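Q: Starting off with a structure, shown below.
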Amino acid sequence: MAVTTDPFTSTDLAAVISETWTTIVNEKTFNDTVLANFITDLSSFAVEGSDIFHVPDLYTNALTVSTQSTQGAEITTASPAQVDTTLTINTHKYVAFIIGDKDLQQVASRYDVNALYAREAVKLLTEALEADIAALWSSITTNAIGDTATVLSDAEIRNGIYSMEAGKYHLDECAFFFHPYVYWQQLHAVTKYYQQYSYGPSNEPGAVRTGNFGTAGYALNFKGFLYGVPVYTTTNIVSGLQTYRNLLLHKRAFGFAVQTKGGNKVRVQVENAVRNLGMLSVVDIAYGVAVLREPAAVLLNASSAFIGS
Amino acid sequence: MAIKANKVETNQQTYFFQREDGTTFHTNLKEAWTIYAGRAQKLGERAVRPKFIGSSDGSIFRKAVIEAHRIMDEKGIEEAQKILKEAEKQELEKARTNTRPPMNCDTIDRNGNPTSLSQISL
Chain A
1 MAVTTDPFTS TDLAAVISET WTTIVNEKTF NDTVLANFIT DLSSFAVEGS DIFHVPDLYT
61 NALTVSTQST QGAEITTASP AQVDTTLTIN THKYVAFIIG DKDLQQVASR YDVNALYARE
121 AVKLLTEALE ADIAALWSSI TTNAIGDTAT VLSDAEIRNG IYSMEAGKYH LDECAFFFHP
181 YVYWQQLHAV TKYYQQYSYG PSNEPGAVRT GNFGTAGYAL NFKGFLYGVP VYTTTNIVSG
241 LQTYRNLLLH KRAFGFAVQT KGGNKVRVQV ENAVRNLGML SVVDIAYGVA VLREPAAVLL
301 NASSAFIGS
Chain B
1 MAIKANKVET NQQTYFFQRE DGTTFHTNLK EAWTIYAGRA QKLGERAVRP KFIGSSDGSI
61 FRKAVIEAHR IMDEKGIEEA QKILKEAEKQ ELEKARTNTR PPMNCDTIDR NGNPTSLSQI
121 SL
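Note that the protein sequences, when read in sequence, are chains A and B.
Take the first sequence: its position 205, counted from the start at 1, is 205 in the numbering used here, and no numbers get skipped.
Take the second sequence: its position 31, counted from the start at 1, is 31 in the numbering used here, and no numbers get skipped.
Structure follows, in structure tokens:
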């Protein structure tokens, strides 16, 4: 005869079974900053005020070479018209939240909710700047490669690099910015990027790549080098009609300036708002982004309707 | 590189613009608002605004992606790509009939949607 006929159930013990809130918090994930770290930063010029920043363009109309065909003849001088290019700081974004004093007092002491949300707000605004830089793709018309129906291929990669070199831009001042989808699903399907018989001995830098996709690590979304040009990934690369607008940029192609009050890129302000009986946090950033040198950028369109295999 | 059919994304409202040189391009809502609000600067011209053409719901392109995937196995990638390019043109023509400007994305809710339901004209 069984003697254990009526064991306690968890329901019976509900009054004494405890629950624990861990110190771990699942926070929102963000891209690392890659575009703003690479392109031309004019922020240092914005410290002392102004809303418009001029970057004179001497390349559109350049000096010309003349030949002295008749010795002793009067020379012809050149006076190319300069083009005034400017960047305007025209965007002020913020994230704001308030937590009532009672609630704040009752939140478990292990959770610094204000700090957690402030950190999230800073990253949101940093990503907003990145997204606005990536959105400059629509101004690229000189070097636009591929369309809404193409899978990014090695030929297009080489065509992009060629466009840069044809424009006499130093390749050591350029970088690729791919959407992760394009990097993993299309670029890594190009056999010459991963098969040793194509790219040569692994202990020697070959023509296809220096460094390696594999050994570069993933810190700061840096994925190594392709044909000697650094490769970064970010989901801020713009998409529309299943088309990713990947970029190959010279560092002078795009520019930005941050002019947030206080001197930092992002400002965090917290105050005890008496009239609201709560703690008000406001995080803000003021900036402008612009295409400074359109021919120094290559647009690499890639459709997500297809996958390389 | 062998190419296979991949995903069919949910169709989204797509906004078309025309550059000064006559070429057109399409964007998603947030990017469209940035351009429409004159915040995308190029070559020093202040508040360059490509001409807004209109928007379409992207359903033609979505159907075309499904059709392209089907055609790919039968007729190859080139035929599939033709279908997508044609669908993009059709989306553009459809957009010409809906010239409501993009919604104001300066303030968005927790899902990333504009909080202002009114169509703001600048």
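Just so you know, even glycine gets a beta-carbon here, dropped at the ideal spot from N, CA and C.
Computed from a predicted model, the values in this text were never measured in an experiment.
With a Cβ-Cβ cutoff of 8 Å, do L248 (chain A) and W137 (chain A) count as a contact?
A: Here residue 248 (chain A) refers to the residue found at position 248 when the first sequence is read from its first residue. Here residue 137 (chain A) refers to the residue found at position 137 when the first sequence is read from its first residue. Taking 8 Å as the Cβ cut-off, L248 (chain A) and W137 (chain A) do not qualify as a contacting pair.
Q: List the residues of chain B that N90 (chain A) touches, going by C-beta distances under 7 Å, in chain order.
A: On the first sequence, position 90 is the one that residue 90 (chain A) refers to. The answer, in chain order, is R39.
Q: What is the DSSP secondary structure of L115 (chain A), counted as helix, strand or coil?
A: Residue 115 (chain A) sits at position 115 when you count from the first residue of the first sequence. In the sequence as displayed, the identity of residue 115 (chain A) is Ala instead of Leu. Here A115 (chain A) sits in helix by DSSP.
Q: Looking at C-alpha atoms only, which residue of A:L280, A:R252, A:Y181 is the closest neighbour of Y232 (chain A)?
A: Within the first sequence, numbered from 1, the residue matching residue 232 (chain A) stands at position 232. When only C-alpha atoms are compared, the closest one is A:Y181.
Q: Which full runs of the alpha helix (DSSP H) of 4+ residues lie inside the stretch 8–79 of chain B, going along the chain?
A: The stretch 8–79 of chain B contains these whole alpha helix (DSSP H) runs: 29–36, 59–75.
Q: Just the Cα atoms here: how many angstroms apart are D101 (chain A) and L277 (chain A)?
A: The residue you call residue 101 (chain A) lines up with position 101 of the first sequence. The residue you call residue 277 (chain A) lines up with position 277 of the first sequence. Taking the straight line joining both Cα atoms gives about 6 Å.
Q: To the nearest angstrom, report how far apart T70 (chain A) and S50 (chain A) are at their CA atoms.
A: Here residue 70 (chain A) refers to the residue found at position 70 of the first sequence. Here residue 50 (chain A) refers to the residue found at position 50 of the first sequence. When rounded, the distance between both Cα atoms is 51 Å.
Q: What distance in whole Å lies between the Cβ atoms of Q12 (chain B) and G58 (chain B), which are believed to be in contact at a cut-off of 8 Å?
A: Numbered from 1 along the second sequence, position 58 holds the residue referred to as residue 58 (chain B). Numbered from 1 along the second sequence, position 12 holds the residue referred to as residue 12 (chain B). Yes, they are in contact, since the Cβ atoms of G58 (chain B) and Q12 (chain B) sit about 5 Å apart, within 8 Å.
Q: So, is the C-beta of T185 (chain B) closer than 8 Å to a C-beta in chain A?
A: Residue 185 (chain B) cannot be examined here, being either before or after the span of chain B that is shown, 1 to 122.
Q: In the DSSP assignment, what residue or residues form a beta bridge with Q269 (chain A)?
A: Residue numbering aside, residue 269 (chain A) sits at position 269 when the first sequence is read from its first letter. According to DSSP, which records beta bridges pairwise, Q269 (chain A) is partnered with A:V282.
Q: Any idea what DSSP makes of G240 (chain A), helix, strand or coil?
A: Your numbering for residue 240 (chain A) matches position 240 in the first sequence. G240 (chain A): strand per DSSP, three-state reduction.
Q: Going along the chain, which unbroken runs of the alpha helix (DSSP H) with 4 or more residues stay wholly within the stretch 152–189 of chain A?
A: Here the runs fully enclosed are 154–166.
Q: Check whether the Cβ of V289 (chain A) lies closer than 8 Å to any Cβ atom in chain B.
A: Here residue 289 (chain A) corresponds to residue number 289 of the first sequence, with the count starting at 1. It does: the Cβ of V289 (chain A) has a partner Cβ on chain B nearer than 8 Å.
Q: In this structure, does DSSP put V289 (chain A) in helix, strand or coil?
A: Taking the first sequence and counting its residues from 1, one reaches residue 289 (chain A) at position 289. Strand, per DSSP.
Q: Hey, does F52 (chain B) have any beta-carbon neighbour from chain A nearer than 8 Å?
A: Residue mapping note: residue 52 (chain B) aligns to position 52 of the second sequence, counting from 1. Cβ-Cβ to chain A under 8 Å: no for F52 (chain B).
Q: How about A296 (chain A) and V258 (chain A): do their beta carbons lie closer than 8 Å?
A: Taking the first residue of the first sequence as 1, we reach residue 296 (chain A) at position 296. Taking the first residue of the first sequence as 1, we reach residue 258 (chain A) at position 258. Contact: no.
Q: Taking the alpha carbon of Y169 (chain A) as the reference point, which residue from A:A253, A:T77, A:T11, A:T33 has its own alpha carbon closest?
A: Here residue 169 (chain A) is taken as the residue at index 169 of the first sequence, counted from 1. Residue A:A253 is the option with its Cα nearest to Y169 (chain A).
Q: Let's test the definition: count the other Cβ atoms within 10 Å of the Cβ of L226 (chain A) and tell me whether it reaches 16, buried, or not, exposed.
A: Here residue 226 (chain A) refers to the residue found at position 226 when the first sequence is read from its first residue. When all chains shown are included, L226 (chain A) counts as buried.
Q: What's the gap between the Cα of P50 (chain B) and the Cα of R19 (chain B)?
A: As a working note, residue 50 (chain B) is residue 50 in the second sequence. As a working note, residue 19 (chain B) is residue 19 in the second sequence. Approximately 5 Å, taken between the alpha carbons.
Q: If we count the other Cβ atoms within 10 Å of its Cβ and call it buried at 16 or more, is D103 (chain A) buried or exposed?
A: Stepping through the first sequence from its first residue, residue 103 (chain A) is reached at position 103. The residue in question, D103 (chain A), is exposed, as its Cβ has fewer than 16 Cβ neighbours within 10 Å.
Q: Note down, in chain order, every chain B residue with its Cβ under 8 Å from the Cβ of G146 (chain A).
A: Taking the first sequence and counting its residues from 1, one reaches residue 146 (chain A) at position 146. Ordered by position in chain B, no residue passes the 8 Å Cβ test against G146 (chain A), which lies about 11 Å from the chain.
Q: Using a C-beta to C-beta distance shorter than 8 Å, which residues of chain B count as neighbours of S239 (chain A)?
A: In the first sequence, the residue the question calls residue 239 (chain A) occupies position 239. Within chain B, the residues near S239 (chain A) are N28.
Q: Out of A:P80, A:F97, A:I75, A:N159, state which residue places its alpha-carbon closest to the alpha-carbon of L280 (chain A).
A: Counting from 1 along the first sequence, the entry for residue 280 (chain A) is found at position 280. That would be A:F97, whose Cα lies nearest to the Cα of L280 (chain A).
Q: Give the interface partners of S44 (chain A) over in chain B, defined as CB-CB distance under 9 Å, in chain order.
A: Here residue 44 (chain A) is taken as the residue at index 44 of the first sequence, counted from 1. Here the premise fails: no neighbours, minimum Cβ distance about 19 Å.
Q: Anyone know if the C-beta pair for T148 (chain A) and K7 (chain B) falls short of 8 Å?
A: For the purposes of this step, residue 148 (chain A) is taken as the residue at position 148 of the first sequence. For the purposes of this step, residue 7 (chain B) is taken as the residue at position 7 of the second sequence. Their beta carbons are not under 8 Å apart, which means T148 (chain A) does not touch K7 (chain B) by this criterion.
Q: Out of curiosity, what's the CA-to-CA distance linking V238 (chain A) and D132 (chain A)?
A: As a working note, residue 238 (chain A) is residue 238 in the first sequence. As a working note, residue 132 (chain A) is residue 132 in the first sequence. Answer to the nearest angstrom: the Cα atoms are 9 Å apart.
Q: Using a Cβ cut-off of 9 Å, pull out every chain B residue sitting near T142 (chain A), in sequence order please.
A: Within the first sequence, the letter at position 142 stands for residue 142 (chain A). Chain B residues near T142 (chain A): none, gap ~11 Å exceeds 9 Å.
Q: Could you please tell me which residues of the stretch 68–99 of chain B, in chain order, have their CB closer than 9 Å to any CB of chain A?
A: Of all residues in the stretch 68–99 of chain B, A68, H69, M72, I77, A80, Q81, K82, I83, L84, K85, A87, E88, E91 have a Cβ within less than 9 Å of some Cβ in chain A.
Q: Check the Cβ of I307 (chain A) against every Cβ in chain B and list those closer than 9 Å, keeping chain order.
A: Along the first sequence, one-based indexing puts residue 307 (chain A) at 307. Correct list: I3, K4, A5, N6, K7.
Q: Using a Cβ-Cβ cutoff of less than 6 Å, which residues in the same chain neighbour I60 (chain B) once the five nearest sequence positions on both sides are dropped?
A: What you label residue 60 (chain B) is simply residue 60 of the second sequence in a count that begins at 1. If we look at I60 (chain B) and ignore the five residues flanking it on each side, its Cβ neighbours are A87, Q90, E91.
Q: List the residues of chain A whose Cβ lies closer than 9 Å to the Cβ of G22 (chain B), in chain order.
A: Residue 22 (chain B) sits at position 22 when you count from the first residue of the second sequence. Those within 9 Å of G22 (chain B) in chain A number zero; the least Cβ separation is about 11 Å.
Q: With hydrogens ignored, establish whether the beta-carbon of K4 (chain B) is closer than 7 Å to any heavy atom of the ligand ADP.
A: For the structure depicted, the ligand ADP is absent and the ligand set is empty, with no information on it obtainable.
Q: Using a C-beta cutoff of 8 Å, does T10 (chain B) count as contacting chain A?
A: Position 10 of the second sequence holds residue 10 (chain B). Output row for T10 (chain B): interface = no.
Q: Which one or two residues does DSSP pair with G255 (chain A) in a beta bridge?
A: If you number the first sequence from 1, residue 255 (chain A) lands on position 255. Its beta-bridge partners are A:T40, A:A290.
Q: Taking 8 Å as the CB-CB cut-off, is R46 (chain B) touching chain A?
A: Locating residue 46 (chain B) in the second sequence gives position 46, where the first residue counts as 1. The predicted model places R46 (chain B) with a pLDDT of 48, which falls under 50 and marks its position as unreliable; any figure quoted below should be read in that light. Chain A, which has a Cβ nearer than 8 Å to the Cβ of R46 (chain B), makes this yes.
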